[in-house]
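Number of protein chains: 2
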Amino acid sequence: MEPLEANKEPTLETKTDKPWEELAIQINSEDPEQITEFLDSISPSDTALAISRLDSEQQNKLLTILAPEDAAAVIEDVSDTQGADLIEDLPPEQAAAILEELDSDHIADLLGELDEEDANAIIEQMDPEEAEEARQFLTYAADTAGGLMISEYLDFQAEQKVQDVLDDLQANREEYADYDVQYLYVTDENDRLQGVLRMRDLLFPSRTTKLSSLMISNPYKVNVDDSLEDLRNFFEEHNLFGVPVVDAEAKLLGIVLPEAVEEANQKQSTQQFLGLSGIVGGEEFRSMPLLARSGRRLSWLSLNIVLNIVAASVIAIYQDTLAAAIALAVFLPMVSDMSGCSGNQAVAVSMRELSLGLVRPTELLRVLGKEASLGVINGLALGILLGAIAFLWKGSPFLGLVVGGALAVNTVVAVSLGGAIPLLLKRVKLDPALVSSPLLTTVTDMCGFFFVLSFASLVLDKL
Amino acid sequence: MEPLEANKEPTLETKTDKPWEELAIQINSEDPEQITEFLDSISPSDTALAISRLDSEQQNKLLTILAPEDAAAVIEDVSDTQGADLIEDLPPEQAAAILEELDSDHIADLLGELDEEDANAIIEQMDPEEAEEARQFLTYAADTAGGLMISEYLDFQAEQKVQDVLDDLQANREEYADYDVQYLYVTDENDRLQGVLRMRDLLFPSRTTKLSSLMISNPYKVNVDDSLEDLRNFFEEHNLFGVPVVDAEAKLLGIVLPEAVEEANQKQSTQQFLGLSGIVGGEEFRSMPLLARSGRRLSWLSLNIVLNIVAASVIAIYQDTLAAAIALAVFLPMVSDMSGCSGNQAVAVSMRELSLGLVRPTELLRVLGKEASLGVINGLALGILLGAIAFLWKGSPFLGLVVGGALAVNTVVAVSLGGAIPLLLKRVKLDPALVSSPLLTTVTDMCGFFFVLSFASLVLDKL
Numbered sequence: 044m045e046p047l048e049a050n051k052e053p054t055l056e057t058k059t060d061k062p063w064e065e066l067a068i069q070i071n072s073e074d075p076e077q078i079t080e081f082l083d084s085i086s087p088s089d090t091a092l093a094i095s096r097l098d099s100e101q102q103n104k105l106l107t108i109l110a111p112e113d114a115a116a117v118i119e120d121v122s123d124t125q126g127a128d129l130i131e132d133l134p135p136e137q138a139a140a141i142l143e144e145l146d147s148d149h150i151a152d153l154l155g156e157l158d159e160e161d162a163n164a165i166i167e168q169m170d171p172e173e174a175e176e177a178r179q180f181l182t183y184a185a186d187t188a189g190g191l192m193i194s195e196y197l198d199f200q201a202e203q204k205v206q207d208v209l210d211d212l213q214a215n216r217e218e219y220a221d222y223d224v225q226y227l228y229v230t231d232e233n234d235r236l237q238g239v240l241r242m243r244d245l246l247f248p249s250r251t252t253k254l255s256s257l258m259i260s261n262p263y264k265v266n267v268d269d270s271l272e273d274l275r276n277f278f279e280e281h282n283l284f285g286v287p288v289v290d291a292e293a294k295l296l297g298i299v300l301p302e303a304v305e306e307a308n309q310k311q312s313t314q315q316f317l318g319l320s321g322i323v324g325g326e327e328f329r330s331m332p333l334l335a336r337s338g339r340r341l342s343w344l345s346l347n348i349v350l351n352i353v354a355a356s357v358i359a360i361y362q363d364t365l366a367a368a369i370a371l372a373v374f375l376p377m378v379s380d381m382s383g384c385s386g387n388q389a390v391a392v393s394m395r396e397l398s399l400g401l402v403r404p405t406e407l408l409r410v411l412g413k414e415a416s417l418g419v420i421n422g423l424a425l426g427i428l429l430g431a432i433a434f435l436w437k438g439s440p441f442l443g444l445v446v447g448g449a450l451a452v453n454t455v456v457a458v459s460l461g462g463a464i465p466l467l468l469k470r471v472k473l474d475p476a477l478v479s480s481p482l483l484t485t486v487t488d489m490c491g492f493f494f495v496l497s498f499a500s501l502v503l504d505k506l
Numbered sequence: 044m045e046p047l048e049a050n051k052e053p054t055l056e057t058k059t060d061k062p063w064e065e066l067a068i069q070i071n072s073e074d075p076e077q078i079t080e081f082l083d084s085i086s087p088s089d090t091a092l093a094i095s096r097l098d099s100e101q102q103n104k105l106l107t108i109l110a111p112e113d114a115a116a117v118i119e120d121v122s123d124t125q126g127a128d129l130i131e132d133l134p135p136e137q138a139a140a141i142l143e144e145l146d147s148d149h150i151a152d153l154l155g156e157l158d159e160e161d162a163n164a165i166i167e168q169m170d171p172e173e174a175e176e177a178r179q180f181l182t183y184a185a186d187t188a189g190g191l192m193i194s195e196y197l198d199f200q201a202e203q204k205v206q207d208v209l210d211d212l213q214a215n216r217e218e219y220a221d222y223d224v225q226y227l228y229v230t231d232e233n234d235r236l237q238g239v240l241r242m243r244d245l246l247f248p249s250r251t252t253k254l255s256s257l258m259i260s261n262p263y264k265v266n267v268d269d270s271l272e273d274l275r276n277f278f279e280e281h282n283l284f285g286v287p288v289v290d291a292e293a294k295l296l297g298i299v300l301p302e303a304v305e306e307a308n309q310k311q312s313t314q315q316f317l318g319l320s321g322i323v324g325g326e327e328f329r330s331m332p333l334l335a336r337s338g339r340r341l342s343w344l345s346l347n348i349v350l351n352i353v354a355a356s357v358i359a360i361y362q363d364t365l366a367a368a369i370a371l372a373v374f375l376p377m378v379s380d381m382s383g384c385s386g387n388q389a390v391a392v393s394m395r396e397l398s399l400g401l402v403r404p405t406e407l408l409r410v411l412g413k414e415a416s417l418g419v420i421n422g423l424a425l426g427i428l429l430g431a432i433a434f435l436w437k438g439s440p441f442l443g444l445v446v447g448g449a450l451a452v453n454t455v456v457a458v459s460l461g462g463a464i465p466l467l468l469k470r471v472k473l474d475p476a477l478v479s480s481p482l483l484t485t486v487t488d489m490c491g492f493f494f495v496l497s498f499a500s501l502v503l504d505k506l
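Order-wise, the sequence lines are chains A and B. Heads up, the numbering used here is the position in the first sequence plus 43, with the first residue counted as 1. Heads up, the numbering used here is the position in the second sequence plus 43, with the first residue counted as 1.
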């Protein structure tokens with residue numbers, strides 16, 4: 044924890060409105076101290092903003108001018124996507140020097156954003172011990188205890204004495220200063236977790252006491268492949284500053300801090316939001332190259348165009364019906380749009396209930412029952428409304444019946460399907476945020492067109 | 044902080060698959076101790092699940108059987124929406140007794156979810172001091188320092204001595220046990236913040252030392268109306284366990300813990316996600332009454348149906364064109380759907396950049412420039428693709444030109460508009476998550492229909 048005192052002299056003489064212009068000027072002056080001072084004086088989000096507005100040459104120059112630890116502080120202020128972008132363009136040995144200043148979880152996150160070749164080139168330039176660790180950390184899945192843990196913890200042997208610990212703390216105080224750790228972990232000769240100690244437990248006992256007699260044995264721990272949900276539950280139940288992570292042999296591998304769990308949660312929500320909106324394959328910022336942004340968006344859109352063709356083919360089949368009652372063309376997009384909206388509401392409720400654990404992926408019947416009954420009510424309400432509008436517009440009760448009936452039936456289909464899709468996707472381990480909406484829209488479009496046009500073909504002479 | 048030791052005896056003899064059935068049985072047995080033991084043995088998310096599956100009579104009975112502090116522990120395991128649902132149905136004096144066991148921030152969150160009448164009835168039953176505080180806390184906007192702070196902090200007068208503090212800590216140790224606080228705050232006779240002390244600063248000085256000579260003066264602080272973004276920046280820059288909140292006169296009002304900021308972030312993302320999907324006015328769970336769920340969803344859908352009518356009226360105007368070239372009907376929903384998808388991608392990128400501070404609401408030209416150029420590329424790509432499909436299907440180059448041209452032009456409109464809308468909404472203080480998508484879809488539908496049909500009317504004799 045850092046000092047509690049606010050800086051007495053205001054560092055922000057003039058809060059600049061365009062921090063990137065100021066930063067660009069300072070980069071040109073090549074004075075690392077002045078740059079660091081400037082970056083310290085603006086908020087992390089302004090730092091991220093300023094850096095995102097530099098061109099990649101200026102970004103490179105900035106990270107090259109700064110000492111690795113100051114460059115690392117810059118990387119800490121920006122998102123992982125932005126950070127990976129920054130180090131990607133640096134010579135590998137320089138990137139390695141900067142990464143070594145970050146904590147192990149963050150290193151793995153950044154390397155995970157790079158392509159494998161770039162990541163390996165950087166790892167090869169790292170100190171062998173850190174390289175080994177980075178390779179190890181990259182093998183853990185992102186949203187597990189292994190993917191969220193850091194290796195910056197203090198561990199001692201059960202046979203060591205209080206004096207040994209104090210000596211070690213003294214000798215390594217510079218290295219340990221960056222450790223955000225409240226506990227000491229005690230292991231046996233095979234690195235198996237034996238117990239835990241709070242710092243204050245060292246203050247009062249005699250310095251010749253063995254750790255094994257001071258430590259709290261049988262401490263809380265989590266398994267290296269425990270999921271984000273397990274960790275969320277753990278920290279909700281236990282108000283602790285961190286939890287040790289062990290493998291199947293009880294070997295201590297790292298610790299997970301509650302902040303890392305919060306951050307992963309936040310990241311998950313963000314990906315959900317972006318995925319739902321069709322931004323896939325990672326974050327997009329407008330500072331990225333135009334063709335890269337365009338290509339990534341197109342890849343998702345071209346899947347959608349195929350799905351759209353499938354849905355629209357229903358209209359092609361019923362062309363003659365439509366030509367005979369052209370007023371239906373006005374209602375086709377309305378029925379499909381409205382059903383899509385109804386279905387997406389059900390998708391959102393299912394995704395939310397799944398993430399809160401309020402419904403299980405196997406409880407399909409429960410969800411279908413709850414949604415179908417709601418679908419009947421909302422389908423009737425919307426169907427009567429749209430049917431009345433159609434009737435009033437053209438004075439044809441049959442047009443009203445066809446359009447209103449189609450919307451009513453399709454609403455039931457859409458909400459039932461919307462409620463069910465996230466559960467089904469979860470069961471087959473697909474990401475509901477990415478797949479639910481295109482899948483739902485295709486089916487509700489198809490069904491919507493089909494209901495309107497097939498109902499119409501039944502009463503075509505009356506329309 | 045709680046003990047670090049895991050329970051030695053496994054409390055989960057048989058991990059029940061349907062915790063709500065077990066809970067229902069135990070509620071019928073009316074043994075508060077057994078119920079508490081059972082709830083402690085399952086995870087918070089299983090507690091939330093079990094409680095959501097009880098009917099409201101069982102829920103009432105559960106909260107009535109349990110002692111207020113155990114009932115409060117249940118409320119802590121569930122979301123605010125669920126918690127508000129639970130206490131709403133209780134007699135106000137019972138609800139008040141339970142609320143008094145929660146921290147002030149949580150009380151305000153729960154009361155904020157109730158309607159004013161229910162909230163006031165409960166507040167009136169609270170201990171006068173807590174009631175006063177609850178009323179005060181309800182006046183702060185949710186996503187400000189005032190809305191996120193808690194009043195459970197320790198403050199002493201600058202003139203007090205170390206011994207006074209130790210006596211007070213001793214005398215009130217039961218009350219303070221629940222305080223998640225690492226610091227002591229020092230104020231003057233008018234409650235103005237003077238300084239801060241860490242607990243350990245009390246251990247070594249003489250017990251007659253005055254706090255004013257021990258405290259760290261000029262501590263970090265935030266203002267009561269600082270925004271969530273300000274707080275996020277604060278805790279990103281300062282690795283502290285909490286920050287004091289003051290009003291314009293520097294009077295100490297409460298403290299904000301970093302966890303509260305994380306939680307508010309999380310809540311904001313969730314609301315964004317739900318709003319985008321058309322779940323408005325708070326969370327929906329399938330355990331809520333059918334008509335309430337249906338009504339809330341309908342309120343958003345009926346706005347959408349109006350917007351849909353506006354968009355579809357373009358088709359009505361061009362009915363004759365459409366009747367003359369019925370193949371266009373197949374492409375109308377495709378053009379409007381695809382443009383909607385492209386526009387929503389731009390909305391998502393703008394919302395994300397806004398929330399990270401990578402773009403400012405005033406930078407409309409920057410966003411329009413970036414999106415329009417992307418729109419030209421993606422519009423050309425998608426337009427050529429769809430145009431080719433139309434040409435191949437009907438063998439008419441003019442059909443291909445009309446359809447492809449309309450999609451190309453409409454893509455440029457959609458992404459430019461999609462990128463701009465969140466910035467404009469932010470400037471007029473509307474929630475982009477709620478308004479962007481319906482607004483965008485209406486305009487892109489209208490324009491899509493218009494481009495297809497007006498281009499077609501130009502070459503109608505060749506189609």
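Every residue gets a Cβ at the ideal spot worked out from N, C-alpha and C, and that includes glycine.
Between the CA atoms of residue j and residue i - distance to the nearest angstrom
| i | j | result |
| --- | --- | --- |
| B/His149 | B/Glu306 | 11 Å |
| B/Gly318 | A/Ser95 | 29 Å |
| B/Asp113 | B/Glu144 | 9 Å |
| A/Gly438 | A/Ala370 | 12 Å |
| A/Pro287 | A/Tyr226 | 10 Å |
| A/Gln200 | A/Val299 | 20 Å |
| A/Leu246 | B/Pro475 | 54 Å |
| A/Asp152 | A/Thr313 | 16 Å |
| B/Gln203 | B/Ser249 | 13 Å |
Three-way DSSP call (helix, strand, coil) for residue i in this model
| i | result |
| --- | --- |
| B/Asn266 | strand |
| B/Glu144 | coil |
| B/Glu48 | strand |
| B/Tyr226 | strand |
| B/Leu109 | coil |
| A/Ser337 | helix |
| A/Pro248 | coil |
| A/Leu240 | strand |
Beta-carbon gap between residue i and residue j smaller than 8 Å
| i | j | result |
| --- | --- | --- |
| B/Phe374 | B/Val486 | no |
| A/Ile141 | A/Leu106 | yes |
| A/Gly422 | A/Leu450 | yes |
| B/Asn453 | B/Ser497 | no |
| B/Cys384 | A/Gly321 | yes |
| B/Gln101 | B/Ile78 | no |
| A/Leu530 | A/Leu257 | Limits of chain A in this structure are 44 at one end and 506 at the other, which puts residue 530 of chain A out of reach. |
| A/Gly462 | A/Ala389 | yes |
| A/Gly155 | A/Ala174 | no |
| A/Ala372 | B/Ile432 | no |
Spatially closest choice to residue i from the options, by CA coordinates
| i | options | result |
| --- | --- | --- |
| A/Asn266 | A/Arg241, A/His281, A/Leu296 | A/Leu296 |
| B/Glu181 | B/Asn163, B/Tyr196, B/Leu467, B/Leu346 | Glu is not the amino acid found at residue 181 of chain B; the sequence shown has Leu there. Looking at the Cα atoms, B/Asn163 is the closest of the given residues. |
| A/Pro171 | A/Ala139, A/Leu191, A/Glu160 | A/Ala139 |
| B/Leu191 | B/Met242, B/Glu232, B/Glu136, B/Asp269 | B/Asp269 |
| B/Ile193 | B/Leu468, B/Lys104, B/Glu176, B/Met169 | B/Glu176 |
Using 8 Å as the threshold, is the segment 116–124 of chain A in touch with the segment 86–102 of chain A, meaning 3 or more CB pairs across them? yes
Stretch pair the segment 342–356 of chain A + the segment 374–385 of chain B: three plus CB contacts closer than 8 Å: yes
contact_flag[the segment 275–283 of chain A, the segment 301–316 of chain A] where n(CB pairs < 8 Å) is 3 or more: yes
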